[in-house]
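S.K.: Using the numbering used here, you'd call the opening residue of the sequence shown number 191 and step up by one each time. Supplied in structure tokens, the structure appears directly below.
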Amino acid sequence: MFNHARHLPLVSALFSNSSPLSFSLFSTAAIEALPRSPCSLLSPRPPDLLPLLSSLQSLRENKQSHALALVHGFLPSSVSICASLILNYAKFGDPYSSGYLFERSASYCKTAFLWNTLLRGYTIAGVFDVFDVYNCMFRDGVRPDDHTFPSALKACADFSLVQKGKEVHGFAIKVGFDRDVYVGNTLLLFYSSCSDLGSAQKMFEEMPERDIVSWNTMIGAFSANGCYEEAVGVFSGMKMGHGFMPNVVSVVSVLPACAELKDEMMATVIHGYVVKVGFIRHVTVRNALIDVYGKCGEVKSSRHVFDEAIEKNVVSWNAIITGFAHAGYYNGALNMFRLMIVEEEKPNDVTISSVIPVLVEVECFNAGMQIHGLSIRMGLDSDLFILNSLIDMYAKSGNSAEASSIFDNMSMKNVVTWNAMVANFAQNNHELAAMGLIRQMQALGEAPNAVTFTNMLPACGRIGALRSGKEIHARCIRNGTALDIFVSNALIDMYAKSDYLHLAQNTFDISHRDQISYNTLIVGYSQTSDCQKSVRLFRELGLNGTQQDTVSLVGVIAACANFTGLKPGKEIHGFIVRRLFHTHLFVSNSLLDLYMKCGKIGIAQKIFERIEKKDVASWNTMILGFGMLGEFQTAINLFEAMREDTLNHDSISFIAVLSACSHGGLVEEGKKYLEEMHAKGIVPRHMHYTCMVDLLGRAGLMEEAVKLIQELPFEPDANIWGALLGASRIHGNIELAKWAAEHLFVLKPEHSGYYLLLSNMLSEAGKWDEAMRVRELMKSKGVKKDPAYSWVQVRDQVRAFLVGESAELELGSPGPKMNMDSGLNKSGAVSSIKMETGAKRPISDFGLVRCLPALHDIPTLEHYAGYALMTKVEMSRELVFCFLSSFLFLFLFVAYWGEWGFVLV
191 MFNHARHLPL
201 VSALFSNSSP
211 LSFSLFSTAA
221 IEALPRSPCS
231 LLSPRPPDLL
241 PLLSSLQSLR
251 ENKQSHALAL
261 VHGFLPSSVS
271 ICASLILNYA
281 KFGDPYSSGY
291 LFERSASYCK
301 TAFLWNTLLR
311 GYTIAGVFDV
321 FDVYNCMFRD
331 GVRPDDHTFP
341 SALKACADFS
351 LVQKGKEVHG
361 FAIKVGFDRD
371 VYVGNTLLLF
381 YSSCSDLGSA
391 QKMFEEMPER
401 DIVSWNTMIG
411 AFSANGCYEE
421 AVGVFSGMKM
431 GHGFMPNVVS
441 VVSVLPACAE
451 LKDEMMATVI
461 HGYVVKVGFI
471 RHVTVRNALI
481 DVYGKCGEVK
491 SSRHVFDEAI
501 EKNVVSWNAI
511 ITGFAHAGYY
521 NGALNMFRLM
531 IVEEEKPNDV
541 TISSVIPVLV
551 EVECFNAGMQ
561 IHGLSIRMGL
571 DSDLFILNSL
581 IDMYAKSGNS
591 AEASSIFDNM
601 SMKNVVTWNA
611 MVANFAQNNH
621 ELAAMGLIRQ
631 MQALGEAPNA
641 VTFTNMLPAC
651 GRIGALRSGK
661 EIHARCIRNG
671 TALDIFVSNA
681 LIDMYAKSDY
691 LHLAQNTFDI
701 SHRDQISYNT
711 LIVGYSQTSD
721 CQKSVRLFRE
731 LGLNGTQQDT
741 VSLVGVIAAC
751 ANFTGLKPGK
761 EIHGFIVRRL
771 FHTHLFVSNS
781 LLDLYMKCGK
791 IGIAQKIFER
801 IEKKDVASWN
811 TMILGFGMLG
821 EFQTAINLFE
831 AMREDTLNHD
841 SISFIAVLSA
851 CSHGGLVEEG
861 KKYLEEMHAK
871 GIVPRHMHYT
881 CMVDLLGRAG
891 LMEEAVKLIQ
901 ELPFEPDANI
911 WGALLGASRI
921 HGNIELAKWA
931 AEHLFVLKPE
941 HSGYYLLLSN
951 MLSEAGKWDE
961 AMRVRELMKS
971 KGVKKDPAYS
981 WVQVRDQVRA
991 FLVGESAELE
1001 LGSPGPKMNM
1011 DSGLNKSGAV
1021 SSIKMETGAK
1031 RPISDFGLVR
1041 CLPALHDIPT
1051 LEHYAGYALM
1061 TKVEMSRELV
1071 FCFLSSFLFL
1081 FLFVAYWGEW
1091 GFVLV
């Protein structure tokens, strides 16, 4: 059966003095031809094969030794030699030969020794047949010993067979081996490998005898399963409560737990202990200390331990590099990598995969390409971790093609690989390709995880792929990843960017929330008509104990600017100054936009002057603001002054100055700036030509405006046609108005303003039939006129009231009655109040909302019943306070003007 033993060249180091020979089990001629020497294995005295078997380095050498054992008659009777050969065959990947040897020698062994050896061999080789051997052992009546159960339990742990392991545990209890410390330690390892920490801890507590291995196993079990505090607790109790002195394994097992907890104090205590007992000379202990200090952010201590190390290996260098990178000292990490090369320490796959993300952080993509070349020269270009890092690097550098090339040539991929490629496509504006890749990923049997969805959802939001986003949301709910805070934040962002803020709000309400969750909604609402919700969320964020950051502030200031909420904007400005955020450029630019939109030029000017390093956005905001408020020449002067600040104008700068020229009627200046754009290589877009059409149209140069539209290098959009329609309205050019309206009815058929503007022009020109047809077209398309409304600010709220709106409300019989007609708008706002006398006045005239603090918060008519609880005395007190305040104001007003001799009639 053993064909390899019939004809083998003997090339072992033991035969270095003889030439390679062949031998046969049925002929001794070749053996007799070997040279004789006192130490020859082929001397008449039988050789001692056991030392030889323990030092073999390959399967070939093991087969040669097997042949020698056969030649000298050691097999099959020698159980010890057979056991050594079984283990060697298993170690060198030939478990079949291990089984064959066992079958030939099992009859010579009366104990469980050879069975245990085969169990251990199959466990080493990762062969599932280990359980057949275990069962056969008991069927043959062989009594197990304390080495039988550890091998079986190790196999159960390797194959994650929890139930089988519990059966082995039960049988160990039955035969009385559960009290054996060696078996107990293996049970601890089994339960921890299966992540059953409850059973492991119970087993540990019930062990009648524990040794240092028991404690180390529990420390390692807690640390490996994320229970870092428990791991540190076991380490502390090991010495203090039971008198065991931690050894090297104990220290190396507990330090990663300290690193995850960032427990620098405990790491320092352990450092002192290892120095005291002399463990510091072990390179594994030093490496663990370098790692823990790096992850705790103590890079100086980490570097100190590294520099004092007499012996360093590649793990030492990897630990110091990753420590610097983890703490954000990217230049330090790169310097250590250079030093590693200088000292001729060969990098490994961990080194390369650690350095590539550092290069991405500092955007040294050329150096990353050099590292890619180094990995190819070192033969590491097939390493999965390195390839994943390279895909991520090329994706973030914008080189999507190279990332795709690496991905396509990979022979093996894991979920990290797929996630890196999804991120590559999503980040480089290949959203549809990213969606296709997720489908391909699932077709090949790889299940997407939370990272996959987190990468994909922002892409769905950017292209408005709401249906795909909802499908991902449903998938997240089914597999439970919707509870992941990164996924929920990505869902909120996707819905917000798709303009479905009610779905974003629903997701927000049922999810775990952090600062990013709030910021996403604050920014989302700031760009809609529900801007006040941004302010409420901003306040809620502070009340929850979460610190607002620059994103929160920029979002809420934009919201205040969009609904011209000057009062809340000033309050937030004060908050910004107290928290020293006013030095942040983005925040300062947002404040400029707020005050400009609220017409507070003076405040905006002061903020602008105090910005130390102005960027293009700062100048653009001021130019737009002055142009919007009628300060056209000031806007142009700022545009020219921007050149002196060594800043280059961008596309937005020219939109700002062209808009100012348009509103100011500065035709020549506008033409000059458009030509300057072409000279600077800035391609004018739709908004630039919109400003120019508006400029020419306002100035009455309709033919030039039409010619400009006809010569555009792209199709005009609704803004351009709208500018022409507005200019036609000013100058009464009905034909041009019709031409512009025809395009607008196609581009924006739901916009009521275009229909009404054309209809009014036709009516004014006496073309009633055509005006009626425009109205009928508007009606047939279901377009309704947007009602006009007014704003009134009540305390911290801004309310909108529709024209002619009225409501009736009875605030309870004990007090005075207020009748509000049924004119509540959809937001629950009240426009007019009728007192008991029957006189009906607008709510803005009375200002009674100031007297009723919660009135503006009532969303529906049913809620008004709550005011019936107010007593007549309480209502009277509120009214008296209101009227006294009004009287005091009137008195001060008369007194002020009386000094100047004016008489108020």
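For every residue, glycine included, the Cβ atom is placed at its ideal position computed from N, Cα and C.
State yes or no: is the C-beta of Ser544 within less than 7 Å of the C-beta of Ile511?
M.R.: Position 354 of the sequence shown, counting from 1, holds the residue named residue 544. Position 321 of the sequence shown, counting from 1, holds the residue named residue 511. Cβ atoms of Ser544 and Ile511: closer than 7 Å.
S.K.: Within 10 angstroms of the Cβ of Ser758, are there 16 or more other Cβ atoms? Answer buried if so, exposed if not.
M.R.: Along the sequence shown, one-based indexing puts residue 758 at 568. It is Pro, not Ser, that sits at residue 758 in the sequence shown. With 16 or more Cβ atoms within 10 Å of its Cβ, Pro758 is classed as buried.
S.K.: Considering only the alpha carbon of each residue, which of Lys957, Pro446, Met611, Ile409 lies closest to Ala421?
M.R.: Counting from 1 along the sequence shown, the entry for residue 421 is found at position 231. It is Ile409 whose Cα lies nearest to the Cα of Ala421.
S.K.: Can you tell which of Leu948, Cys346, Phe527, Val352 has the C-alpha that lies nearest to the C-alpha of Val317?
M.R.: Taking the first residue of the sequence shown as position 1, residue 317 is located at position 127. The residue with the shortest Cα to Cα distance from Val317 is Cys346.
S.K.: By Cβ distance below 6 Å, which residues in the same chain neighbour Val701 in space, the five residues on each side in sequence not counted?
M.R.: Within the sequence shown, residue 701 is the residue found at index 511, counting from 1. Val is not the amino acid found at residue 701; the sequence shown has Ser there. Cβ neighbours of Ser701 beyond the five flanking positions: Ser678.
S.K.: Please tell me whether Leu479 and His494 are closer than 7 Å, where the distance is taken between their beta carbons.
M.R.: The residue you call residue 479 lines up with position 289 of the sequence shown. The residue you call residue 494 lines up with position 304 of the sequence shown. In this structure, His494 does not lie closer than 7 Å to Leu479 by Cβ.
S.K.: Inspect the beta-carbon positions of Leu627 and Val641 and report whether they are closer than 7 Å.
M.R.: Here residue 627 refers to the residue found at position 437 when the sequence shown is read from its first residue. Here residue 641 refers to the residue found at position 451 when the sequence shown is read from its first residue. For Leu627 and Val641, no; Cβs fall outside 7 Å.
S.K.: Mapping the DSSP letters down to three states, classify Lys760 as helix, strand or coil.
M.R.: The residue given as residue 760 occupies position 570 in the sequence shown. In this structure, Lys760 counts as helix in the three-state DSSP scheme.
S.K.: Using a Cβ-Cβ cut-off of 6 Å (strictly less than) and excluding sequence neighbours within five positions of Glu960, which residues of its own chain qualify?
M.R.: As a position in the sequence shown, residue 960 is number 770, starting the count at 1. Leu952, listed in sequence order.
S.K.: In this structure, how does DSSP classify Phe282 when only helix, strand and coil are distinguished?
M.R.: Position 92 of the sequence shown, counted from the start, is the residue given in the question as residue 282. Looking at Phe282 - three-state DSSP - the assignment turns out to be coil, as it is neither helix nor strand.
S.K.: Can you tell me the Cα-Cα spacing of Ile667 and Leu673, whole angstroms?
M.R.: In the sequence shown, counting from the first residue as 1, residue 667 sits at position 477. In the sequence shown, counting from the first residue as 1, residue 673 sits at position 483. Taking the straight line from one Cα to the other gives about 8 Å.
S.K.: Can you tell me whether Val548 is buried or exposed? The criterion is at least 16 other CB atoms within 10 Å of its CB, across all chains shown.
M.R.: Position 358 of the sequence shown holds residue 548. Per the 10 Å Cβ criterion, buried.
S.K.: Taking only runs of the alpha helix (DSSP H) that begin and end inside the segment 558-637, which ones reach a length of at least 4 residues, in chain order?
M.R.: DSSP runs (the alpha helix (DSSP H)) wholly in the segment 558-637: 574-586, 590-598, 605-617, 621-633.
S.K.: On a Cα-Cα basis, can you pick out the residue from Leu524, Ala449, Asn508, Lys502 that is closest to Glu488?
M.R.: The count along the sequence shown starts at 1 and reaches residue 488 at position 298. Considering only alpha carbons, the answer is Ala449.
S.K.: For the segment 841-874, list the alpha helix (DSSP H) runs that are entirely contained and at least 4 residues long, ordered along the chain.
M.R.: Here the runs fully enclosed are 841-854, 857-870.
S.K.: Tell me the start and end of each unbroken alpha helix (DSSP H) in the segment 487-553 that is at least 4 residues and wholly inside, in chain order.
M.R.: Entirely contained in the segment 487-553, the alpha helix (DSSP H) runs reaching 4 residues are, in chain order, 489-498, 504-516, 520-532, 539-551.
S.K.: Out of Glu940, Lys938, Leu947, Leu937, which has the shortest C-alpha to C-alpha gap to Ala927?
M.R.: Counted from its first residue, the sequence shown places residue 927 at position 737. When only C-alpha atoms are compared, the closest one is Leu947.
S.K.: For Pro977, is the classification buried or exposed, using 16 other Cβ atoms within 10 angstroms of its Cβ as the cut-off for buried?
M.R.: For the purposes of this step, residue 977 is taken as the residue at position 787 of the sequence shown. Counting Cβ neighbours within 10 Å, Pro977 comes out exposed, since fewer than 16 surround it.
S.K.: Between the Cα of Ala411 and those of Ser385, Glu395, Gly427, Met583, spot the shortest distance and give me the residue it belongs to.
M.R.: The count along the sequence shown starts at 1 and reaches residue 411 at position 221. Measuring from the Cα of Ala411, the nearest candidate turns out to be Ser385.
S.K.: Buried or exposed: which applies to Tyr1054, given that a residue is buried once 16 or more other Cβ atoms fall within 10 Å of its Cβ?
M.R.: Position 864 of the sequence shown, counted from the start, is the residue given in the question as residue 1054. Summary for Tyr1054: the model assigns pLDDT 32, below 50, so the residue's position carries little reliability, and this model does not support an answer.
S.K.: By the 10 Å Cβ neighbour count, where 16 or more other Cβ atoms means buried, how is Phe904 classified, buried or exposed?
M.R.: In the sequence shown, residue 904 corresponds to position 714, counting from 1. With fewer than 16 Cβ atoms within 10 Å of its Cβ, Phe904 is classed as exposed.
S.K.: Can you tell me which of the three DSSP states Met818 falls into?
M.R.: By one-based count along the sequence shown, residue 818 stands at place 628. Here Met818 sits in helix by DSSP.
S.K.: By the DSSP assignment, the alpha helix (DSSP H) with Leu733 in it spans what residues?
M.R.: Position 543 of the sequence shown, counted from the first residue, corresponds to residue 733. Unbroken alpha helix (DSSP H) run through Leu733: 721-733.
S.K.: Would you list, in sequence order, the uninterrupted alpha helix (DSSP H) runs of no fewer than 4 residues that lie entirely inside the segment 314-371?
M.R.: If we require 4 residues or more, the alpha helix (DSSP H) runs fully inside the segment 314-371 come out as 320-329, 338-348, 352-364.
S.K.: Starting from Pro446, trace the alpha helix (DSSP H) both ways and give me its first and last residue.
M.R.: Along the sequence shown, read from residue 1 onward, the residue named residue 446 stands at position 256. Taken as a continuous stretch (DSSP letters only), the alpha helix (DSSP H) holding Pro446 covers 438-451.
S.K.: Relative to the C-alpha of Lys975, which candidate in Ser949, Ala955, Glu954, Gly956 has its C-alpha closest?
M.R.: Along the sequence shown, read from residue 1 onward, the residue named residue 975 stands at position 785. For the residues Ser949, Ala955, Glu954, Gly956, the minimum Cα distance to Lys975 belongs to Ser949.
S.K.: Can you tell me the Cα-Cα spacing of Lys586 and Met559, whole angstroms?
M.R.: Here residue 586 refers to the residue found at position 396 of the sequence shown. Here residue 559 refers to the residue found at position 369 of the sequence shown. C-alpha separation (whole angstroms): 13 Å.
S.K.: Closer than 6 Å by C-beta to Pro340: which residues in its own chain qualify, once you throw out the five before and the five after it? Chain order, please.
M.R.: One-based indexing of the sequence shown puts residue 340 at position 150. Cβ neighbours of Pro340 beyond the five flanking positions: Thr376.
S.K.: I need the straight-line Cα distance from Met1008 to Arg726, nearest angstrom please.
M.R.: The residue you call residue 1008 lines up with position 818 of the sequence shown. The residue you call residue 726 lines up with position 536 of the sequence shown. Because the pLDDT of Met1008 is 38, which lies under 50, any placement of that residue in the model is unreliable, and the number read from its coordinates should be weighed accordingly. Taking the straight line joining both Cα atoms gives about 29 Å.
S.K.: Exposed or buried, what is Trp305 when buried is set at 16 or more other beta-carbons lying within 10 Å of its beta-carbon?
M.R.: In the sequence shown, residue 305 corresponds to position 115, counting from 1. So Trp305 ends up on the buried side.
S.K.: Nearest-angstrom Cα distance between Ile791 and Pro648?
M.R.: On the sequence shown, position 601 is the one that residue 791 refers to. On the sequence shown, position 458 is the one that residue 648 refers to. Roughly 37 Å separates the two Cα atoms.
S.K.: With distance defined between alpha-carbon atoms, name the residue in Gly635, His692, Gln617, Met530 nearest to Thr644.
M.R.: One-based indexing of the sequence shown puts residue 644 at position 454. With distances taken between Cα atoms, Thr644 lies closest to Gln617.
S.K.: Per the contact definition of three or more C-beta pairs closer than 8 Å, is the segment 864-875 in contact with the segment 825-837?
M.R.: Flag = no, the segment 825-837 and the segment 864-875 do not touch.
S.K.: Excluding the five sequence neighbours on either side, which residues of its own chain have a C-beta within less than 6 Å of the C-beta of Ser918, listed in chain order?
M.R.: To locate residue 918, count along the sequence shown from 1; it is residue 728. The residues are Leu926, Ala927.
S.K.: Go ahead and pull the three-state DSSP assignment for Thr773.
M.R.: Position 583 of the sequence shown, counting from 1, holds the residue named residue 773. DSSP places Thr773 in helix when its eight states are reduced to three.
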